[in-house]
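A.B. asks: Protein chains in written order, with full-length UniProt numbering: chain A, 1 to 256; chain B, 1 to 327.
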Amino acid sequence: MTLLNLSDLSVTLRVRPVLSHITLDVRPGELIGLIGANGAGKTTLMRAALGLVPFTGRASLAEMTPGERGRHAAWMPQTREIAWPVSVEALVGLGRVPHEGRASADEDRAAVDHALSTLGLEPFRHRTATRLSGGEQARVLLARALAQETPLLMADEPIAGLDPAHQIGTMKSLAALARDGERGVIVSLHDLGLAARYCTRLVVLHQGRIAADGPAGEVLSPALIREVFGIDAFYEDTPRGPVFQPLDILGPGPDS
Amino acid sequence: MRTALALSLILGTVVLFLVSLVIGPAEAGPGDSLAALFADHGPLTMVMREIRLPRAILALLIGAGLGLAGAAMQGYLRNPLADPGLIGISGTAALGAVLAIQTGFAGGWALGLPLSALAGALAGVFAILALAGPRGGALALILAGIALSALAGALTSLVLNLSPNPFAANEIVFWMMGSLADRSWRDVMIAAPLILFGALLLLRLGRGLDALTLGEDAAGAMGIDLTRLRLALVIGTAAIIAGATAVAGVIGFVGLVMPHLLRRAVGARPGALLPAAALGGAMMLLAADIATRLILPERDLKLGVLTALVGAPLFLRMIWRFRRDGF
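#1: What is the rounded straight-line gap between the Cα of residue 5 of chain A and the Cα of residue 270 of chain B?
#2: What residue ranges within the stretch 131-212 of chain A form continuous alpha helix (DSSP H) runs of no fewer than 4 residues, ordered along the chain?
#3: What's the gap between the Cα of residue 14 of chain B and the Cα of residue 279 of chain B?
#4: So residue 69 of chain A contacts chain B; which residues on that side make the cut at Cβ distance below 9 Å?
#5: Give, in chain order, every residue of the stretch 122-150 of chain B whose Cβ lies closer than 8 Å to some Cβ of chain A.
#6: Just verifying my parser: in three-state terms, what is the DSSP assignment at residue 141 of chain B?
#7: Taking 8 Å as the cut-off, does the stretch 118-129 of chain B touch the stretch 78-98 of chain B (at least 3 CB pairs, one atom from each stretch)?
#8: Tell me residue 246 of chain A's beta-bridge partners as DSSP assigns them.
#9: In the structure shown, what three-state DSSP assignment does residue 84 of chain A receive?
#10: Along the chain, where does the alpha helix (DSSP H) that runs through residue 103 of chain B open and close?
#11: Which bits of chain B does residue 97 of chain A rub up against, with CB to CB less than 7 Å?
#12: Counting only Cβ pairs nearer than 9 Å, list the residues of chain A close to residue 259 of chain B.
#13: For the beta strand (DSSP E) containing residue 76 of chain A, list its first residue and its last residue.
#14: Starting from the Cα of residue 212 of chain B, find the closest Cα among B:167, B:229, B:184, B:251 and give me that residue.
#15: Spatial neighbours of residue 256 of chain A within its chain, please: CB distance less than 7 Å, with the 5 preceding and 5 following residues excluded, ordered by chain position.
#16: Is there contact here, the stretch 195-210 of chain A with the stretch 60-76 of chain A, by at least three beta-carbon pairs under 8 Å?
#17: The beta strand (DSSP E) with residue 228 of chain A in it runs from where to where?
#18: Report the three-state DSSP secondary structure of residue 23 of chain B (helix, strand or coil).
#19: Helix or strand or just coil, what does DSSP make of residue 256 of chain A?
#20: Taking the alpha-carbon positions, what's the residue 243 of chain A to residue 74 of chain A distance?
#21: At 7 Å on the CB atoms, spell out the chain A contacts of residue 275 of chain B, in chain order.
#22: For residue 45 of chain B, does the three-state DSSP call read helix, strand or coil?
#23: Would you please verify whether the beta carbon of residue 82 of chain A is less than 8 Å from any beta carbon of chain B?
#24: Buried or exposed, going by whether 16 or more other CB atoms sit within 10 Å of the CB of residue 93 of chain A?
#25: Any contact between the stretch 65-77 of chain B and the stretch 204-222 of chain B? By contact I mean 3 or more CB pairs, one from each, below 8 Å.
#26: Do the stretch 181-189 of chain B and the stretch 43-50 of chain A meet, that is, are 3 or more Cβ pairs less than 8 Å apart?
Structure, rendered in structure tokens:
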């Protein structure tokens, strides 16, 4: 069983090809780290998978009806938008929108409670979401996606802007979610150290193509790190788990 | 909507509706007036049934429609300063009415003015949908609305500018100020179906507007069809504005101020705000229409002037608070 199947998916925005011939399967139990330089196509890949941008090729999610898709995949966009000063509880409750008329009020409440406790947000329950700090808002928005209780969760840079403890805590929560074996998670992130430690699989995007796909130990070779990120890094499996530390920029830098 | 708030809004609307019924130049006590509504008491019954009842019903319908349309527009655009007039339909409806007055079409036939206003509104709907495109986002809609409003305003000014007939120009200016004086059941028959149709469309948008709190991307991924939502929003708002403008002229600020005043009370949820703003809008317009009859009964104070006089300071207070603590 796969949660998401992309085959030969290509996206062209205006005249610029953003993604070319992406083929990817996501299975339950996987926590996939989507990594790559800025502009490599990480966000576009996830949005195309959801049918939010036009594409050619096949994306299994885009073939579902909008309602089915809302119950199958949750999406946390990178732009952390909270338009109105609603309470944290109400905001997380928006994750239940796709289940309206199908789930009981008790189930909805349980899903919201569970999402809040998973991310340690109970103390914020009655706070106004727009008055929280950026990092707190990011966790609330991730809780909203969790409350959707979908087999597949896709989050665009969920840990950007979080303090170290909450970065680790969030990655652990996502890893635990995948580990129970029924759900799959895709996250894009730039912290390769956390990606190496917590993701079951890394997918590396480079110039719109998948440059590597596999466990961190296989993917994060010095050659690939050099080619894709233009950096030199320390990477070693230590007794306390894999450690990845970027060290220096190679050559004139990635943009030149 | 919280029960206490819902009850107080309903109660307030009912009370203001009854007050609206018992106020007027015909000298009669409130009890007698209401009794005359149900039993035949000669001329007073005539006044109640043919003059005050349609007027009160119009204030209720138009106020509710404007409040609802304002809440829906703000929810969709995720902007507390949005107004149902923003999409330009009130401008094109007014242009239609102005043309009818200027050409004498309105004078020749009782339905001439409202039908011309409706034709203007309909043309406006086609223009806004064509300009904003089938898949454009909120920004496209705002820009298209601004362009359409400006064009309709310029054409209205042109008609006034070239008007050879000072009486027509005078009538146009007064009509544009908005009023519910001397309206009849015929006006109710024109406005009610449009406003009720529009309200039905808008009241169903609650779920989608709630989801839009998280942005268009997140809402789309939660199964909200944004293209359909926007179409329902434009058509529902246009129907309400068309019905309201056709019989009452241009009435501003109700749709702008009411949603904002009630937002906190409903926990800021756009879906819950829809019915609340409808009731609040009805209360505001009923109260304003009562005030036009109490403050300067002999001078025919225009309803639109009064809503602007009350609404603008409220709006300034909103901006002040918005600047101080964001919402």
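Virtual Cβ for every residue (Gly too), placed ideally from N, Cα, C. All values reported here derive from a predicted model rather than from experimental measurement.
C.D. replies: Per the coordinate set shown:
#1: Within the model, the alpha-carbon separation for residue 5 of chain A versus residue 270 of chain B is close to 35 Å.
#2: You should have 134-147, 164-179, 192-198.
#3: Roughly 10 Å between the two C-alpha positions.
#4: The contacting residues are 221, 222, 223.
#5: Within the stretch 122-150 of chain B, no residue qualifies.
#6: For residue 141 of chain B, the three-state secondary structure derived from DSSP is helix.
#7: In the pairwise beta carbon analysis, the stretch 78-98 of chain B is classified as touching the stretch 118-129 of chain B: at least three pairs are separated by under 8 Å.
#8: Assignment of beta-bridge partners to residue 246 of chain A by DSSP yields A:233.
#9: Note: residue 84 of chain A maps to coil in three-state DSSP.
#10: Here the alpha helix (DSSP H) through residue 103 of chain B covers 89-103.
#11: Contact note: residue 97 of chain A reaches chain B through 207, 210, 211, 222, using a C-beta cutoff of 7 Å and chain order.
#12: For residue 259 of chain B, there are no C-beta contacts with chain A under 9 Å, since the nearest C-beta of that chain is about 11 Å from it.
#13: Segment 73-76, the beta strand (DSSP E) holding residue 76 of chain A.
#14: The residue from B:167, B:229, B:184, B:251 with its alpha-carbon nearest to that of residue 212 of chain B is B:229.
#15: No answer about residue 256 of chain A holds up, because its pLDDT of 49 lies below 50 and its placement is not dependable.
#16: Too few Cβ pairs lie closer than 8 Å, so no.
#17: Note, residue 228 of chain A: premise wrong, no beta strand (DSSP E); not H, not E.
#18: If DSSP states are grouped into helix, strand and coil, residue 23 of chain B belongs with coil.
#19: Because the pLDDT of residue 256 of chain A is 49, which lies under 50, any placement of that residue in the model is unreliable, and the question is left without a value.
#20: Here the alpha carbons of residue 74 of chain A and residue 243 of chain A stand approximately 30 Å from one another.
#21: Below the 7 Å Cβ cutoff, chain A contributes no neighbours of residue 275 of chain B, its closest Cβ being approximately 16 Å away.
#22: For residue 45 of chain B, the three-state secondary structure derived from DSSP is helix.
#23: Cβ-Cβ to chain B under 8 Å: yes for residue 82 of chain A.
#24: Buried, by the Cβ-count rule.
#25: At 8 Å Cβ cutoff, the stretches touch.
#26: The stretch 181-189 of chain B, when compared against the stretch 43-50 of chain A, does not touch it at the 8 Å Cβ threshold.
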